[in-house]
Each structure stands twice: as structure tokens, then as C-alpha cells.
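Worksheet: one structure, shown below.
Numbering (my numbering), first residue to last: 25 to 430.
Shown next as C-alpha cells:
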């Protein structure tokens, strides 16, 4: 039964299974890598937005700092104005003291002997009392003028100081308000910087994961190539070693088929429906051109040189596939790489394999005759388009199907 199934040699089977596992791992890694790339794109966009927001904040902070500097200048100007007012008052105070001293001196001079001042007195009133009244009038007049000047200066000083205080208070309030706003902006900038640092950390983490996935993919690819190269060498050695054995087996099978045809023309075994000079198969399984022959070729999916163990017959999805000859269905179901597959034993160690079907129309254990529909053309498994992959195996060894087809 194992021979009839056409199972590969253990080493080759293990190699193919491992390659399938590696390809599945690589597909999963590729999906994760795509997700990582999408995440990095999203994080990069967020980082760009943060950078733009931080730049706007920096510009606004500079504007606010300029306003704070202007407020400082206003405060300095107001303080200078107040200082100028105080200096003016001090000057007036000094002038007032000077006037008072001058008045006192004149009063003393008047009493002691200021003859010149007495000239202006009434010649009829030169009494001491008149002199005192005159001097008092002069002295008091000067004093009043000085007091008036001082009061005027004092008023100007108070007005100047009040205005300076008002301007300083307004500027100080502006400075306080701007400082508060500037502190808020600085806090916003600090938070934006923190968020960007966190975002950069996440980006670096995802970048590390992307690098790990790249390394994993490269390692898987190297192992796949190594396994495929080993499989190719084994296939070439096996093909060379068994080619002669397969030809001998085929010749013996033809002789057996001819003998069986002579004994029982109605038998549905290996020779059913064949001419005496033909071998086993009664018909082609699908009416279509052969698009890929038996032998070494570059695999259309994996792009590696490997043994093609059958022929590919072109067809459209859904076209009926027929049993090439009568026999017993050994397998009807999915197989790795082959997709939906049917394997028929024709006796004498000969089996045929039909792969990549879109649907299966028979079951394992069923007896079929040549021409029975066993499935439909498809592209399940490792296939690039709808077609039938058809194999003939002799004692489990794949051989060129063409010599066995009518």
C-alpha cells in the first residue's frame, strides 16, 4: 500500500516537509513584518505631527519672551521716570532752602543797616516800625514765592511719581501675566518633548523588531535554499539510479499488460482499454496542451531548479478530469503542495496522480474505470494558474508519463 501511494524516500519527504514548514514560517514573518512596517509608518506620522507642534510652541515661546522683555523695558522706563520726578523735587527742595536762607539774610541786613533798602521807604515814615514792616513784607514775599514754587514742584513730583507707579504696576502685571503664560508654554513644551521621547523609544523598539524579522527571513531563506539544493541533488541521484530500474519495470508491466489483455479483454486492471503494443493508460486525463514537461525545471513559484515529477496539462477552472485508466482510488483529498489530489492504483505497482483540482468527484476506496470523472481543473496548492499536474509512478518512483499515454 505504501508503494502504491508513491511516497517519497524518507530523507526527501522530511526535506519537503521542512521546506513547507519554513515557507509557512516565512509567510507568517512576512505578515508580521508588514504589520510592523504599517505601525512604523503610523508612528512616523505621529512623530512628524509632534515635531511640527513643538516647532510652533518654540515660535510662540519666543514671541512671549519678547513680550516679557518689552514689559521689563516698560518697567525700567517707569522707574526711570519716577526717579527723575524725585530728582526734580529734591532740586526744588534745595532751591527752597536756598531761598529761605536768602530771605533770612535780607531780614538781618535790614535790621543791621541795609541803607539801600530803606531808600524805597516813605521819607515821612522812617521809624523803626516802618522799617520792620518793609523788611517783613520783602522777606515774607520772597518766602511766599518760594513756598508757591515748592508746592508746584511737589505737585508735579507727586503726579510724576503716581504716573510712574501706575506705569510700573501695569508693566509688572503684564510681566506677571506673560510669565505665567510662558510657564504654561514651557510646561507644554516639556510634555511634548516627553511624548516625543516616548514615541521615539517606541519607534526604535519597532525598528529593532523589523530588523529581527529581516534577519529571521534571511535565515529562513538560506535554510530553504540549502534544503532545496539538497533535494535537487537527491532527486538527480535518485533519477539517475532508478531510471534504468523504472524502464525495466515499465517493460515488464507492458508485457504483463499484453498478457492480461490476451487472457481477459474485459479486465479493468492495468491493461484495460489498451492496445497490445501500448502500456496501461487508456486515455489522457484532460484534453489540453502540455505546458510543462517531466524533468528538471525552474519552479514557477519558488524560482529554484528542481525536479518536475509529472506533466502539466493546461485547462480552464472546472474542466472535467477523467481517470486515465481503471483502478482503485487510494487517495482523494488535499496534499501539501498538490492541493486537492486524487491517486489511483492500477495494479502492478503503477499509480497515477492528479493534482491542483478545484473539486474532487470521487472518494478513497472507490473503483473507477477509464473515462470516469474524478474531479475538476483548478489551481489549489502551489500553482500559478488552473491546470492539471499529472504523474505516473512505478513502484513509488515518478517517471515520465508520456510513454504511458496513448
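Note that beta-carbon positions come from the ideal geometry of N, C-alpha and C, so glycine has one too.
- Exclusion of the five residues before and after residue 70 leaves 223 as the residues of its chain whose Cβ lies within less than 7 Å of its Cβ.
- Per the coordinates, the alpha-carbon of residue 49 lies some 50 Å from the alpha-carbon of residue 209.
- Taking 7 Å as the cut-off, the Cβ atoms of residue 348 and residue 307 count as close.
- Apart from the 5 residues on each side of it in sequence, residue 82 has no Cβ closer than 6 Å to any other Cβ in its chain.
- Secondary structure of residue 365 (DSSP, three-state): strand.
- Proximity of the stretch 86 to 103 to the stretch 185 to 200 meets the contact definition, three or more beta-carbon pairs being nearer than 8 Å.
- The beta carbon of residue 395 is closer than 6 Å to those of 346 in its chain, skipping five residues each way along the sequence.
- Nearest to residue 399 by alpha-carbon distance, out of 90, 363 and 46, is 363.
- Secondary-structure assignment with DSSP links residue 331 through a beta bridge to 320.
- 7 Å or more divides the Cβ of residue 233 from the Cβ of residue 423.
- By the 16-neighbour rule on beta-carbons within 10 angstroms, residue 246 is exposed.
- For residue 336, the pairing in a beta bridge is given by DSSP as 316 and 413.
- Burial check for residue 265: the Cβ neighbour count within 10 Å stays below 16, so the residue is exposed.
- As the crow flies, the alpha-carbon of residue 339 is around 5 Å from that of residue 411.
- By the CB criterion at 7 Å, residue 414 and residue 334 fall inside the cutoff.
- Beta-bridge partners assigned by DSSP to residue 377: 367 and 415.
- Linking residue 211 to residue 78 through their CA atoms gives a straight-line distance of about 12 Å.
- With contacts defined as CB atoms closer than 7 Å, residue 390 and residue 353 qualify as a contacting pair.
- Taking residue 122 as the centre and dropping the five residues before and after it, the same chain places no C-beta closer than 6 Å to its C-beta.
- Comparing alpha carbon positions, the residue from 67, 186, 40 and 41 closest to residue 221 is 67.
- Residue 90 sits exposed, since fewer than 16 C-beta atoms from the chains shown fall within 10 Å of its C-beta.
- Membership of residue 345 in the beta strand (DSSP E) is indicated by the continuous run 344 to 346.
- Taking each of 72, 258, 55 and 420 in turn and checking the Cα distance to residue 216, the smallest one comes out for 72.
- Judged by their CB atoms, residue 373 and residue 418 are nearer to each other than the 7 Å cut-off.
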